[in-house]
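A.B. asks: Here it is: the structure, laid out below.
Residue numbers (our numbering): 8 to 360.
Shown next, in the form of structure tokens:
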């Protein structure tokens, strides 16, 4: 069998959901006898570990926002030269605001380009990016959606006939049997769309004061959220851990995972929490959580922005150990359907068939 050369493209490999996924896919493809190249469009440290067989390509220049359009052009030239030199069997690109530039870079090269949007599908990216997507996405060999809603949305705006739903993989790590703590866990970026302010507000109203809230991640809202925890009088029960590499340790120690996002593409942290057997509670935002959670079976789905209902379900999980165990058991079973061996093979079948 001839070894197939694949090129994966991503803006960076810093901490983040899509970065983790592409790192895992690259490593999985390399183990499937593929020659795997990873083109990273900005310089910077690699947060995620890669299979040693993955060949990394990075530009030699540093992207400077002061000369934005000049460096966009340089990035397109870098990527075009890379693709032309490699002549891969297929190219897989992640990231809404970069996928169009990847397609633009490959014009005339007659290469098979597959693109995947990673945020909420109908999120506004401005007229420029949305126009590029409408013009260039139809030129892709295929589009990968993370959810059924995304498939319907992209089908309407692009008219593309080769769109496939492939969710994100999760590492089904062996769970270490240890005593879990009374911890409500949040993992993700500290940005406004995650509505961690609502999570703090709900947590502060819970009558079970022996519980603590751990917030893993960083972002522009951190100072505001720390100040809010003080204003709510729960600063001694809330810990901001910042970005962490060993997030498995935090899942292992916690009992409940809470997600108050109003916008998701595919909630990686939610799937990871389910794989570790946490009792999960999430707003039923437009895209993502409902693909994973069946309400009252493997977690709780709360009508979006309904803080009162969120509090009721949170207190139920905090007080009912039998219910927590039932949801935990079912969540683990659900997560097994998203193993890297299954999801990675679905990707490979789609882009390298």
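Glycine included, each C-beta is placed from N, C-alpha and C at the ideal position.
1) Should residue 84 and residue 47 be called a contact, given that it needs their Cβ atoms to be closer than 9 Å?
2) Rounded to whole angstroms, what's the CA-CA distance from residue 148 to residue 121? Just pull it up for me.
3) On the DSSP bridge list, what partners appear for residue 193?
4) Which residues share a DSSP beta bridge with residue 214?
5) Could you tell me how far apart the beta carbons of residue 187 and residue 261 are, in whole angstroms, since I believe they sit closer than 8 Å?
6) Can you name, in chain order, every residue of its own chain whose Cβ lies under 8 Å from the Cβ of residue 51, other than the five neighbours on each side?
7) Using only alpha-carbon positions, find the residue among 268, 213, 219 and 63 that is nearest to residue 315.
8) Using CA atoms only, rank isn't needed, just tell me which of 233, 335 and 225 is closest to residue 259.
9) Per DSSP, residue 42 is paired with what?
10) Just list the residues that DSSP pairs residue 246 with in beta bridges.
11) List the residues that DSSP assigns as beta-bridge partners of residue 158.
12) Which residue wins for smallest C-alpha separation from residue 386, given the options 63, 196, 96 and 215?
13) Less than 7 Å between C-beta atoms, sequence neighbours within five positions excluded: which residues of the same chain meet that for residue 97?
14) Among the candidates 24, 53, 61 and 49, whose CA atom is the shortest distance from the CA of residue 33?
15) Rounding to the nearest angstrom, what Cα-Cα distance links residue 361 and residue 327 in this structure?
16) Could you work out which residue in 15, 68 and 29 is closest to residue 45 when comparing CA atoms only?
17) Using alpha carbons as the reference points, say which of 268, 220 and 251 lies closest to residue 245.
18) If we ignore side chains and look at the alpha-carbon of each, how far apart do residue 238 and residue 231 end up?
19) Is DSSP giving residue 147 helix, strand or coil here?
C.D. replies: In short:
1) Contact: no.
2) One C-alpha to the other measures close to 6 Å.
3) According to DSSP, residue 193 bridges with 222.
4) Answer is none; residue 214 lacks a bridge partner.
5) So it is a contact: roughly 6 Å between Cβ atoms.
6) Excluding its 5 nearest sequence neighbours in each direction, residue 51 has C-beta neighbours in its own chain below 8 Å: 19, 20 and 21, listed in chain order.
7) Nearest option by C-alpha distance: 213.
8) Taking only the C-alpha atoms, the option nearest residue 259 is 335.
9) For residue 42, the pairing in a beta bridge is given by DSSP as 12.
10) Per the DSSP secondary-structure output, residue 246 pairs in a beta bridge with 221.
11) According to DSSP, residue 158 shares a beta bridge with no other residue.
12) Residue 386 cannot be examined here, being either before or after the span of the chain that is shown, 8 to 360.
13) Closer than 7 Å at the Cβ level, and outside the excluded window around residue 97, lie 13, 119, 121, 358 and 359.
14) Residue nearest to residue 33 within the set 24, 53, 61 and 49 is 61 (criterion: CA-CA distance).
15) Lying before the first or after the last residue shown, residue 361 is absent from the chain, which here runs from 8 to 360.
16) Looking from the CA of residue 45, the closest CA among 15, 68 and 29 belongs to 15.
17) For residue 245, the nearest C-alpha among the options comes from 220.
18) The alpha-carbon atoms of residue 238 and residue 231 are separated by roughly 10 Å.
19) Looking at residue 147 - three-state DSSP - the assignment turns out to be coil, as it is neither helix nor strand.
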